[in-house]
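Participant: Residue numbers for the sequence shown follow this note's numbering, beginning at 695 and rising by one.
Before anything else, here's the structure in question.
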Amino acid sequence: MLLLSREDIKKVFTMRDAIEADKEAFRLVVEGKCDSPLRTNVQAPKYDGCFLFMPAYVEEMDTAAVKIVNIFPHNIDQGKPSSPAQVLLIDGKTGIVTAVLDGTYVTQIRTGAASGAAFDVLAKKDCRIGALIGTGGQAATQLEAMLEARKLEEVRVYDLNYERTAAFAERMQEELKAYGAKIIPVHSSDEAIDDADLLITVTPSSKPVFDGTKVKAGATISCVGAYQHHMQEMDPAILPRASKIYFDSKEAVLSESGDILIPLEEGIITEEDFTGDLGMVLKGELVGRENDEEIIVFETVGVAVQDLVAAKKIYEKAVEANVGTEWK
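Dropping the structure here:
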């Protein structure tokens, strides 16, 4: 069994690799080629946390995986990851665990890559300004995915704590300097989204974190953080303005995400307003962006097959490069 740390994974797996892996995963979802039950969610109310168990199996890849990811938002106050996790990669022929991966980083990079895949497919070609709302454990890879998908001049970053936002922006400016964009901390979400072509929200908020009436025509929005019914970081005002609404998995979103469930319950939208899953666009079964004026929304809650595909590709690259630690 191969043990792969965050540092090991970074040596062999790029954001572009992750975006392409997510595209493959989204295609598998719509083709019905993965057995991926909705994740099991066990609440830990004493600590405002929860334990999530995400299994997946893809027969044609002879591969299964289980991710254990635990969401404990107060960890950030102790300098610990807010979503510690492990991914177990399993040989589909024998049932033997072949690798254990740092699931926190796998989650971060494949979740960021979901936004990257959406922007790759749905965003207009000429994008200059990005906006990122949220600076928690998932934010760095979301930012990188945005920069990987489109050549941006600047990305404005907003969070409730400006000192933390400024520190995040400074760190990201150094880490992602190869992309050539300015990473700018701002004091309000209005300032962040002003004239933004790409917008990512990645927060655990239970109320909208931006003003949907102020999003420019032609913007593409990826909302990432609302993985439970009470969470709602997307302003529902954006939904009637959107030409198209896509999901990583409609089934998963409608089982979990307050971003979509709450507007449905309030009658702001109906299921007839949904366009479909991103995988259907990737397969050519649905149209994507048709002009530069359309506002397009992408809602993602994550599906276990993303972890499976990413973990398998990481494992194969690590074996080829002789990276990782053998546990015998």
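Think of the CB as a built atom: it goes at the ideal place given N, C-alpha and C, for glycine as much as any other residue.
Span of the beta strand (DSSP E) holding Thr734?
Facilitator: DSSP places Thr734 in the uninterrupted beta strand (DSSP E) bounded by 734 to 738.
Participant: Quick one: is Gln772 buried, meaning 16 or more other Cβ sit within 10 Å of its Cβ, or exposed?
Facilitator: The residue in question, Gln772, is exposed, as its Cβ has fewer than 16 Cβ neighbours within 10 Å.
Participant: Since Lys774 is in the alpha helix (DSSP H), which residue starts that stretch and which ends it?
Facilitator: Counting along the chain, Lys774 falls outside any alpha helix (DSSP H), and DSSP gives it neither H nor E.
Participant: Contact between the region 728 to 741 and the region 987 to 1002 is defined here as three or more beta-carbon pairs at a separation below 8 Å; is this criterion met?
Facilitator: yes
Participant: Can you find at least 3 beta carbon pairs, one from the region 900 to 908 and one from the region 870 to 881, that sit closer than 8 Å?
Facilitator: no
Participant: Which one of Ile790, Ala860, Pro957, Lys876 has the shortest CA to CA distance from Arg822?
Facilitator: Lys876
Participant: Which of helix, strand or coil does DSSP assign to Ser949?
Facilitator: Helix, per DSSP.
Participant: If we ignore side chains and look at the alpha-carbon of each, how far apart do Ala863 and Gln926 end up?
Facilitator: 24 Å
Participant: Indicate the three-state DSSP secondary structure (helix, strand or coil) for Pro957 in the structure shown.
Facilitator: Assignment of Pro957 by DSSP, reduced to helix, strand and coil, places it in the helix class.
Participant: Within 10 Å of its beta-carbon, does Glu797 have 16 or more other beta-carbons around it, so buried, or fewer, so exposed?
Facilitator: The sequence shown places Gly at residue 797, not Glu. Buried, because 16 or more other Cβ atoms sit within 10 Å of the Cβ of Gly797.
Participant: Using 8 Å for Cβ pairs, my map puts Lys944 next to Asp971. What's the rounded Cβ distance?
Facilitator: 6 Å
Participant: Count the other CB atoms, across all protein chains shown, that sit within 10 Å of the CB of Asn855; report buried if there are 16 or more and exposed otherwise.
Facilitator: exposed
Participant: Leaving out five residues on either side along the sequence, give the residues of the same chain with a beta carbon under 8 Å from the beta carbon of Pro775.
Facilitator: Around Pro775: Asn769, Thr798, Gly831.
Participant: What is the DSSP secondary structure of Ala1023, reduced to helix, strand or coil?
Facilitator: Residue coverage of the chain in this structure runs from 695 to 1022, which leaves residue 1023 outside it and unanswerable.
Participant: Do Gly688 and Thr895 have their CB atoms nearer than 8 Å?
Facilitator: The requested residue 688 does not occur in the structure, where the chain is confined to residues 695 to 1022.
Participant: Tell me the DSSP secondary structure of Met748 in three-state form.
Facilitator: strand
Participant: Return the first residue and the last residue of the alpha helix (DSSP H) that Leu841 is part of.
Facilitator: 833 to 843
Participant: Going straight from the alpha carbon of Ala758 to that of Val1003, what length do you get?
Facilitator: Distance between the alpha carbons of Ala758 and Val1003: 9 Å.
Participant: Would you please state the rounded distance, in angstroms, between the beta carbons of Met695 and Thr788? I believe it to be under 8 Å.
Facilitator: Contact flag wrong, Cβ pair sits at about 12 Å.
Participant: Kindly confirm or deny that the region 830 to 846 and the region 735 to 749 touch, where touching means at least three C-beta pairs closer than 8 Å.
Facilitator: Result no; under three Cβ-Cβ pairs closer than 8 Å.
Participant: Within this structure, are the beta carbons of Asp891 and Lys818 separated by less than 8 Å?
Facilitator: yes
Participant: Mind checking which residues open and close the beta strand (DSSP E) that includes Val903?
Facilitator: Looking at the DSSP string, Val903 is not in any beta strand (DSSP E), and its letter there is neither H nor E.
Participant: If you run the structure through DSSP and keep just helix, strand and coil, what is Gly743?
Facilitator: In the structure shown, Gly743 sits in a strand (DSSP, three-state: E or B).
Participant: Measure the Cβ-Cβ separation of Thr859 and Val851 and say whether it is below 8 Å.
Facilitator: yes
Participant: Distance, Cα to Cα, Ala811 vs Thr1019?
Facilitator: 31 Å
Participant: According to DSSP, is Ile878 part of a helix, a strand, or is it coil?
Facilitator: strand
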